[in-house]
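>
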Amino acid sequence: MKILIISPSAGDSFYCGNCFRDSLQASALIRAGHDVTIMPLYLPTDHATDGVPIFFPAVSYYIEQAMFRKGNIPQWISRLASSKMMLGLAASMSGTTSAAGMEDMTMSMITGEDGAFKRNVADMIEWIKREGRPDVVHLSSSLLIGIATPLKEELGVPVVCSLQDEEVWIDSLKGKWADVAWEAITQSAAAVDAFLTTSNYYKDLITEKMPALRPTVIYPGININKYRKEALPENPTIGFFYRMNDLDGLDTLAEAFVMLKQRGTIPNLKLRIGGGNTESDKKFLARVNDILRPVMEDVIFEQEYLPSAHHRFYREVTVVSVPLRFDEGVGLYICESYATGRPVVEPRRGSFPEIVGDGGILYEDESAAGLAEALEKILSNKALYDKKREAAQKMAEQRYSDEVCAKALVELYEKVIK
């Protein structure tokens with residue numbers, strides 16, 4: 106089966122959950138014998154298939170939206186704005202989690218109605234025609250749903266669309282725009298043959314906002330053979346692996362770690378932090394460093410983020426905790442932890458009760474003290490740790506394996522192709 110995945114990129118400076126989910130799905134399908142192309146939007150990414158150009162390049166598309174919506178952007182401006190240097194600069198500054206000020210671009214990608222969108226999608230379709238019509242196109246997010254109609258009209262190809270954490274972006278739109286965006290997605294959904302999402306939690310959330318969508322739940326799939334490591338690190342090590350920012354709760358974990366070190370109940374305890382960051386996170390990271398200063402000799406900060414090296418991080422930790430401050434639709438780092446054979450400690454919110462299952466501990470008190478207590482519980486009780494670890498490995502094999510994911514994706518694709 107020839108599959109085209111259209112995936113927006115955040116520039117690879119930090120762990121982007123949706124970007125990495127797309128990469129995992131593509132890898133699972135390729136290992137299952139399918140011909141898969143990942144087409145990047147906005148910014149460069151290592152997840153993209155070699156030789157595929159970047160469509161809707163972030164800088165030039167933003168300029169088109171701001172200044173040339175009714176007319177053509179001059180070619181010299183487009184070339185300069187889409188250059189490797191400019192996109193690299195944009196990637197280094199990417200990472201906003203707020204849509205404030207991005208209302209026009211957001212609505213453009215959802216409705217597909219303005220001139221800037223039509224020019225860019227025409228370039229995309231011409232490239233697809235040259236490369237050969239795929240059997241199915243998979244959109245990474247409903248925030249790209251405006252692409253579906255021209256794909257159907259020009260190529261006659263089935264389109265499926267993933268749903269995951271759109272509300273984090275849409276609900277931060279100013280004023281009336283959030284309601285307008287949800288309504289526009291519902292209207293554009295007519296061009297999509299099937300929707301899918303990564304948890305029953307998110308299925309329920311999205312159908313409450315848009316009852317007509319009714320997505321299929323397909324859990325993420327991890328290549329267990331790449332991740333699994335039986336041997337634990339010499340010293341008990343707590344791992345944080347996600348974007349290093351306030352929303353993802355790194356400061357809460359830092360405070361909890363300091364509390365545990367002060368108690369001294371877990372000898373030789375270490376903290377390993379990875380997942381990358383952006384320029385906008387520097388002020389927050391300075392505060393985290395201040396929190397950790399008394400125990401910094403027991404903290405390992407991974408300065409470089411590499412999408413291809415996720416598995417190495419999990420092998421160096423004993424337990425993983427990402428104490429989010431929002432309700433996430435899946436938590437890929439949980440699935441990765443389980444593939445490696447590492448339990449997790451997470452707040453009881455969002456999809457976590459469903460995704461964590463018996464492979465970790467859920468805590469109610471979301472303060473640093475509540476997190477410290479939960480971490481101490483699993484790290485000071487070997488019998489409990491071993492039980493959770495065994496359950497995590499079982500869930501990885503039965504629910505979060507790449508084989509299970511690829512099989513479910515292919516079944517969905519075959520339905521829409523027929």
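Residue numbers (this note's numbering): 106 to 523.
Glycine included, every Cβ here is placed at the ideal spot set by N, Cα and C.
Just so we're clear, the structure is a prediction, and the values are computed from it rather than from any experiment.
(1) Taking Cβ to Cβ, would you say D353 is nearer than 8 angstroms to V422?
(2) Just to confirm my understanding: we take K520, look at its own chain, exclude 5 residues before and 5 after, and list those with CB closer than 6 angstroms. What are they?
(3) So, under 8 angstroms CB-CB, A501 and I329 are touching, yes? Tell me the CB distance rounded to an integer number of Å.
(4) Would T254 pass as an interface residue toward chain D - the criterion being a Cβ-Cβ separation below 8 angstroms?
(5) Do you know whose CA, among D270, Y332, F222, F345, lies nearest F406's CA?
(6) Buried or exposed: which applies to Q367, given that a residue is buried once 16 or more other Cβ atoms fall within 10 Å of its Cβ?
(7) With DSSP as the reference, please indicate the residues paired to E451 in a beta bridge.
(8) Is L355 buried or exposed, if buried means 16 or more other CB atoms sit within 10 Å of its CB?
(9) Could you spell out where the beta strand (DSSP E) holding R333 opens and where it closes?
(10) Does the region 448-462 come close enough to the region 296-313 to have 3 or more Cβ pairs within less than 8 angstroms?
(11) Classify F119 as helix, strand or coil using the three-state DSSP reduction.
(12) Below 8 angstroms, can you find three or more Cβ-Cβ pairs linking the region 288-300 to the region 245-260?
(13) Could you give the DSSP three-state label for S245: helix, strand or coil?
(14) How many angstroms separate the CA atom of D240 from the CA atom of G261?
(15) As an exercise, report each continuous alpha helix (DSSP H) stretch of at least 4 residues that is fully enclosed by the region 203-284, in chain order.
(16) Assuming contact is defined by CB atoms lying nearer than 8 angstroms, are G379 and Y410 in contact in what I supplied?
(17) Rounded to whole angstroms, how far is the Cβ of K308 from the Cβ of N340, which I believe are closer than 8 angstroms?
This is what the structure holds:
(1) Taking the first residue of the sequence shown as 1, we reach residue 353 at position 248. Taking the first residue of the sequence shown as 1, we reach residue 422 at position 317. Contact: no.
(2) Indexing the sequence shown from 1 puts residue 520 at position 415. Counting only Cβ-Cβ distances below 6 angstroms, and skipping sequence neighbours, we find nothing.
(3) The residue given as residue 501 occupies position 396 in the sequence shown. The residue given as residue 329 occupies position 224 in the sequence shown. Right, their Cβ atoms sit about 6 angstroms apart.
(4) Among the chains of the structure shown, chain D does not appear; only one protein chain is present.
(5) Translated into the one-based positions of the sequence shown, residue 406 becomes position 301. Among D270, Y332, F222, F345, the Cα nearest to that of F406 is on F345.
(6) In the sequence shown, the residue the question calls residue 367 occupies position 262. With a threshold of 16 other beta carbon atoms within 10 Å, Q367 falls short and is exposed.
(7) Looking up residue 451 in the sequence shown gives position 346. DSSP lists L467 as partners of E451.
(8) The count along the sequence shown starts at 1 and reaches residue 355 at position 250. Under this definition L355 is a buried residue.
(9) Counting from 1 along the sequence shown, the entry for residue 333 is found at position 228. Run containing R333: none; DSSP gives neither H nor E here.
(10) Contact annotation: the region 448-462 touches the region 296-313, with at least three C-beta pairs closer than 8 angstroms.
(11) As a position in the sequence shown, residue 119 is number 14, starting the count at 1. F119: strand per DSSP, three-state reduction.
(12) yes
(13) For the purposes of this step, residue 245 is taken as the residue at position 140 of the sequence shown. It is coil, neither helix nor strand.
(14) Counted from its first residue, the sequence shown places residue 240 at position 135. Counted from its first residue, the sequence shown places residue 261 at position 156. One C-alpha to the other measures close to 10 angstroms.
(15) 208-216, 220-236, 253-260, 271-275
(16) What you label residue 379 is simply residue 274 of the sequence shown in a count that begins at 1. What you label residue 410 is simply residue 305 of the sequence shown in a count that begins at 1. Yes, they are a contact pair.
(17) In the sequence shown, residue 308 corresponds to position 203, counting from 1. In the sequence shown, residue 340 corresponds to position 235, counting from 1. With a beta-carbon spacing of about 40 angstroms, K308 and N340 fall beyond the 8 angstroms limit used to define contacts.
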